[in-house]
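Residue numbers (the numbering used here): 404 to 531.
Every residue gets a Cβ at the ideal spot worked out from N, C-alpha and C, and that includes glycine.
These figures come from a predicted structure and were not determined experimentally.
Here's what the structure looks like:
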């Protein structure tokens with residue numbers, strides 16, 4: 404599989420019709436792969452609940468777009484904002500394990516997300 408403009412445009416098109424304004428693509432190669440490796444196309448206005456992954460850090464690499472990764476405290480208050488924009492050399496970040504976080508998307512963006520544990524089976528929790 405090629406990760407090219409055509410693929411990203413297809414994900415953006417699907418995200419436009421998704422009420423959540425985002426669309427992911429699972430990049431794992433087998434059902435036995437116990438990681439999370441995916442592309443996530445995010446449009447401005449998408450709402451990602453504040454959440455954390457107690458058992459794994461999360462690698463976030465921005466392929467295209469502009470967005471912020473927002474680190475929060477246990478009450479949901481913003482404590483750090485990491486600006487991601489590949490055109491300025493800010494390509495990604497690592498969110499430490501057990502850290503509350505969310506995103507704010509400023510223009511159509513695609514991130515590569517990687518962490519330990521399958522989605523839904525990794526102990527992740529949402530604030531609130």
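{"query": "Distance CB(residue 468)-CB(residue 508) smaller than 9 Å", "result": "yes"}
{"query": "Three CB pairs or more closer than 8 Å across the region 501-518 and the region 441-451", "result": "yes"}
{"query": "Residue from 437, 420 and 472 with nearest C-alpha to residue 502", "result": "472"}
{"query": "Contacting residues, own chain, Cβ-Cβ under 7 Å from residue 500 (five flanking each side not counted)", "result": "456, 457, 458, 459 and 460"}
{"query": "Residue span of the beta strand (DSSP E) that contains residue 469, given as start and end", "result": "461-475"}
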